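Chemist: The structure under discussion is supplied below as structure tokens; questions concerning it will follow.
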DNA sequence: GTCTATAAGCCGATAGAC
DNA sequence: GTCTATCGGCTTATAGAC
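Protein chains in written order, with the numbering used here: chain A, -1 to 193; chain B, -1 to 193.
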């Protein structure tokens, strides 16, 4: 099927997503205008509305795409039967996956308050689904006697906050490689649940 | 000295600060207008400019006031000579101080990208000064043989991320009191540095 | 110190030509 | 699918009356 001159849908759609993601991460959703996104893509502002009904949907789609991909990638990982090995796999996966997508992670945490109530509820459900996977590992380890955890739900939140914190300081050009950073954080995570 | 009718400087100034803090925390700096702040205070928008030269200064002043107060409060705490006790005091202080000021904490972490470069540098200096106090405790404990820490600077970032994470889920009306939450997090912090 | 009025410009979103 | 032009409304900040 011949394509009309000026028809670039297959190219424009991902470019809009990438431009929006980078600009939202750098300046914040509310501070970025549809005109800025269009300029970054190299189209006029009206053209954006062929791909998204409004600005809010652009944000919501970025967040849900990120969380869907996170859940799918985590589900695709090996889940060792041994709780200690399962926790190590989770910790290393979490650090690696998040460190490689700082913009998407930043938006998913920082722009929650700019979602409409319905969209917020949907995103929160996805986030909880991810947290529940860590909670399940901790509970299994607790039941098996491998871990000693006073408050499993708090430990879940503490571990995720600690691991995600890597993104606030890690730089590829730094002293430590991501692999070495994984080692350090896994050691801290292991101590947290055994001690 | 008699006061002119309509002169409410001593009352208006803190009310502007409080309104800005609450609105910035709830909706984000970029999403809040000077008109919204004025409406919350109960004055017209022009009156705000008797107290702040512009919106940016309002944000900057909130952040520096928060960090200055944090540093002063931390400095006023007892600093036990024993590293383990010093770390416990720091962890408990950090949780309590941050949990009691969720709006100020939220703004200080989330609105960094909305600061001008000069203001950002100033705020980062204050934040590093606070982090350095935890690093000093960890180093002293390491030197005294009380702690076993592979990467002291990473441990600093990990502990602060973990402790500040309390604010993402803690509610006064929840199952656990703040004091009990302190106990749980201190236990995890202790494990982190000893293991 | 607060008010009203205004300047100058950007916002999200839409209509209609091509 | 992209463009230009536009609508109605909002923005920060200032000027000048009281």
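Built from N, CA and C at the ideal position, the CB exists for glycine as well.
In this text the structure is predicted, and so the values were computed from the model without any measurement.
DSSP state of residue 48 (chain A), grouped into three classes?
Modeler: Translated into positions along the first chain, residue 48 (chain A) becomes position 50. Here residue 48 (chain A) sits in coil by DSSP.
Chemist: Give, in chain order, every residue of the segment 113 to 132 of chain A whose Cβ lies closer than 8 angstroms to some Cβ of chain B.
Modeler: Taking 8 angstroms as the Cβ-Cβ cut-off against chain B, none of the residues of the segment 113 to 132 of chain A qualify.
Chemist: Alpha carbon to alpha carbon, what distance is there between residue 167 (chain A) and residue 153 (chain B)?
Modeler: As a working mapping, residue 153 (chain B) is identified with position 155 in the second chain. As a working mapping, residue 167 (chain A) is identified with position 169 in the first chain. One C-alpha to the other measures close to 12 angstroms.
Chemist: Give the residues of chain B in contact with residue 180 (chain A), contact being defined as C-beta atoms less than 9 angstroms apart.
Modeler: As a working note, residue 180 (chain A) is residue 182 in the first chain. Result: empty, since nearest Cβ-Cβ is about 11 angstroms, beyond 9 angstroms.
Chemist: For residue 185 (chain A), go through chain B and note every residue whose CB falls closer than 8 angstroms to its CB, in chain order.
Modeler: Counted from its first residue, the first chain places residue 185 (chain A) at position 187. Ordered by position in chain B, the residues that pass the 8 angstroms Cβ test against residue 185 (chain A) are 148 and 193.
Chemist: Considering Cα atoms alone, identify which of B:92, B:108, B:134 and B:117 is closest to residue 183 (chain B).
Modeler: Within the second chain, residue 183 (chain B) is the residue found at index 185, counting from 1. Of the listed residues, the one whose Cα sits closest to residue 183 (chain B) is B:92.
Chemist: Since residue 147 (chain A) and residue 136 (chain A) should fall inside the 8 angstroms C-beta cutoff, what is the C-beta to C-beta distance between them, to a whole number of angstroms?
Modeler: Translated into positions along the first chain, residue 147 (chain A) becomes position 149. Translated into positions along the first chain, residue 136 (chain A) becomes position 138. About 6 angstroms separates the two Cβ atoms, so the contact holds.
Chemist: Excluding the five sequence neighbours on either side, which residues of its own chain have a C-beta within less than 6 angstroms of the C-beta of residue 174 (chain A), listed in chain order?
Modeler: If you number the first chain from 1, residue 174 (chain A) lands on position 176. The answer is none, since no qualifying residue turns up.
Chemist: Contact criterion: CB-CB distance below 8 angstroms. Does residue 10 (chain A) meet it with respect to chain B?
Modeler: Walking along the first chain from the start, residue 10 (chain A) turns up at place 12. Output row for residue 10 (chain A): interface = no.
Chemist: Which whole-angstrom value describes the C-beta separation of residue 163 (chain B) and residue 108 (chain A), a residue pair presumed to lie in contact below a C-beta threshold of 8 angstroms?
Modeler: On the second chain, residue 163 (chain B) is found 165 positions in, with the first residue counted as 1. On the first chain, residue 108 (chain A) is found 110 positions in, with the first residue counted as 1. With a Cβ gap of about 15 angstroms, residue 163 (chain B) and residue 108 (chain A) do not count as contacting.
Chemist: Grab the span of the alpha helix (DSSP H) containing residue 42 (chain B) for me, first residue to last.
Modeler: Working through the second chain from its first residue, we reach residue 42 (chain B) at position 44. That residue, residue 42 (chain B), is in no alpha helix (DSSP H); it is neither H nor E in DSSP.
Chemist: Report the neighbours of residue 25 (chain A) on chain B: residues whose CB is nearer than 9 angstroms to its CB, in chain order.
Modeler: In the first chain, counting from the first residue as 1, residue 25 (chain A) sits at position 27. Those are 28, 111 and 112, listed as they occur along chain B.
Chemist: Confirm, please, whether the CB-CB distance from residue 190 (chain B) to residue 186 (chain A) is below 8 angstroms.
Modeler: For the purposes of this step, residue 186 (chain A) is taken as residue 188 along the first chain, with counting starting at 1. For the purposes of this step, residue 190 (chain B) is taken as residue 192 along the second chain, with counting starting at 1. In this structure, residue 190 (chain B) lies closer than 8 angstroms to residue 186 (chain A) by Cβ.
Chemist: Residue 201 (chain B): which of B:129, B:29 and B:36 sits nearest, CA to CA?
Modeler: Residue 201 (chain B) is absent from the structure shown; chain B starts at -1 and stops at 193.
Chemist: Distance, Cα to Cα, residue 120 (chain A) vs residue 76 (chain A)?
Modeler: Translated into the one-based positions of the first chain, residue 120 (chain A) becomes position 122. Translated into the one-based positions of the first chain, residue 76 (chain A) becomes position 78. Roughly 27 angstroms between the two C-alpha positions.
Chemist: Can you have a look at residue 126 (chain B) and say buried or exposed, based on whether 16 or more other CB atoms are within 10 angstroms of its CB?
Modeler: Residue mapping note: residue 126 (chain B) aligns to position 128 of the second chain, counting from 1. When all chains shown are included, residue 126 (chain B) counts as exposed.
Chemist: Answer yes or no: do residue 139 (chain A) and residue 85 (chain A) have a C-beta to C-beta separation smaller than 8 angstroms?
Modeler: Reading the first chain from its first residue, position 141 is the one you call residue 139 (chain A). Reading the first chain from its first residue, position 87 is the one you call residue 85 (chain A). Yes, Cβ-Cβ distance for residue 139 (chain A) and residue 85 (chain A) is below 8 angstroms.
Chemist: Work out the CA separation of residue 32 (chain A) and residue 46 (chain A) for me, nearest whole Å.
Modeler: Against the first chain, residue 46 (chain A) aligns to sequence position 48. Against the first chain, residue 32 (chain A) aligns to sequence position 34. Residue 46 (chain A) and residue 32 (chain A): Cα-Cα distance of roughly 8 angstroms.
Chemist: Does the separation of the CB atoms of residue 56 (chain B) and residue 18 (chain B) fall below 8 angstroms?
Modeler: By 1-based counting over the second chain, the position of residue 56 (chain B) is 58. By 1-based counting over the second chain, the position of residue 18 (chain B) is 20. Cβ distance < 8 angstroms, so residue 56 (chain B) and residue 18 (chain B) count as in contact.
Chemist: Check residue 80 (chain A) in the structure and name its three-state DSSP category.
Modeler: Here the question's residue 80 (chain A) lines up with position 82 in the first chain. Coil at residue 80 (chain A), not helix or strand.
Chemist: Check for me: the alpha helix (DSSP H) holding residue 167 (chain B) runs from which residue to which?
Modeler: Here the question's residue 167 (chain B) lines up with position 169 in the second chain. Per DSSP, residue 167 (chain B) belongs to no alpha helix (DSSP H) and is neither H nor E.
Chemist: Roughly how many angstroms lie between the CA atoms of residue 99 (chain A) and residue 70 (chain A), to the nearest whole one?
Modeler: Numbered from 1 along the first chain, position 101 holds the residue referred to as residue 99 (chain A). Numbered from 1 along the first chain, position 72 holds the residue referred to as residue 70 (chain A). Distance between the alpha carbons of residue 99 (chain A) and residue 70 (chain A): 15 angstroms.
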